[in-house]
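Enquirer:
Written out as structure tokens, the structure is:
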């Protein structure tokens, strides 16, 4: 058995093991080569920082790591940890991190972050054994949206660019990696982005991925909340893209956000933990 970097490993090899590893997951899924490539771009995956376990030169387990600089910190994101079913229970995740952590430390990485399904007790135990700690609880929502009333003062217009300084002033919480501004800057051409205006004042916005039908960010200026702005933004999306939506990784401490999604009929279908390991 050999543990080494995934640098130089063909994406189709990674794809095969990725799909085998997640075939019996809590939420089973299977990716195409195009989808895995897209995910790796969004996650800023660096195969040199990623790691795999090989048995008889065959990949049987992996960790995909992305790299970004956020708030003057070099942060690695675990975009996926997988072990094929027949090789579980041997502590391979811990072994991969024992191999990988000294490499990340030498490269000046400040911390690793990841999300894990709250019910995945075995994975959580494995991450804790590697030194990870839970930093927040996250909720995922999905549902069909039907709007009965609209704010007649509200004007919805497509955003021409992201004015992050102003948009961040609308936030109560910082988004997780996949919804972060750095990732959304990469996805700008793929996403649909709309602003909400009252008397020409910018009061809210939504960023939406039509392919995944996922709302990646939605925020309303604090003085304009409970005025139908967020629901008006989603209504605008529904007219153009259909009324089925999902939202992932909402910080459970942002109770006003959870109440909003509850109020429009979205269901909390999955909960995750965000964990981090400071290096």
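In the working numbering, the protein residues as written are 5 to 283. Glycine residues also receive a C-beta, built at the ideal position from the N, C-alpha and C atoms.
#1: Could you tell me whether the segment 120 to 131 touches the segment 27 to 40, where touching means 3 or more Cβ pairs closer than 8 angstroms?
#2: Just to confirm my understanding: we take residue 261, look at its own chain, exclude 5 residues before and 5 after, and list those with CB closer than 8 angstroms. What are they?
#3: DSSP beta-bridge partners for residue 282?
#4: For residue 203, which residues of its own chain have a beta-carbon under 8 angstroms away from its beta-carbon, when the five flanking residues on both sides are left out?
#5: Please list the segments of the beta strand (DSSP E) lying wholly inside the segment 219 to 261, counting only runs of 3 or more residues, in order along the chain.
#6: What did DSSP end up calling residue 201 once you bin it into helix, strand or coil?
#7: Quick check on the burial criterion: 16 or more other C-beta atoms within 10 angstroms. Buried or exposed for residue 159?
#8: Have a look at 140, 172, 93, 115 and flag the residue whose alpha-carbon is nearest the alpha-carbon of residue 69.
#9: Among 136, 52, 6, 72, which one has its Cα closest to the Cα of residue 187?
#10: Straight-line CA distance for residue 258 to residue 23?
#11: What are the partner residues of residue 127, as DSSP defines its beta bridges?
#12: Closest to residue 173 by C-alpha separation, out of 264, 247, 207, would be which residue?
#13: Below 8 angstroms, can you find three or more Cβ-Cβ pairs linking the segment 128 to 144 to the segment 240 to 247?
#14: Where does residue 67 sit, in a helix, a strand or coil, going by DSSP?
#15: So, using beta-carbon positions, are residue 83 and residue 47 closer together than 7 angstroms?
Expert: In this structure, then:
#1: Touching, yes.
#2: Closer than 8 angstroms at the Cβ level, and outside the excluded window around residue 261, lie 176, 177, 254, 255.
#3: As DSSP reads the structure, residue 282 sits in a beta bridge with 115.
#4: These residues qualify, in order along the chain: 157.
#5: If we require 3 residues or more, the beta strand (DSSP E) runs fully inside the segment 219 to 261 come out as 248 to 255.
#6: Strand, per DSSP.
#7: Burial check for residue 159: the Cβ neighbour count within 10 Å stays below 16, so the residue is exposed.
#8: Here the closest residue by C-alpha is 115.
#9: Per the Cα distances, 72.
#10: Approximately 33 angstroms, taken between the alpha carbons.
#11: DSSP, once it has assigned bridges, lists no residue as partnering residue 127.
#12: Considering only alpha carbons, the answer is 207.
#13: The segment 128 to 144, when compared against the segment 240 to 247, does not touch it at the 8 angstroms Cβ threshold.
#14: Residue state, collapsed to three classes: strand.
#15: A contact, by the Cβ cut-off of 7 angstroms.
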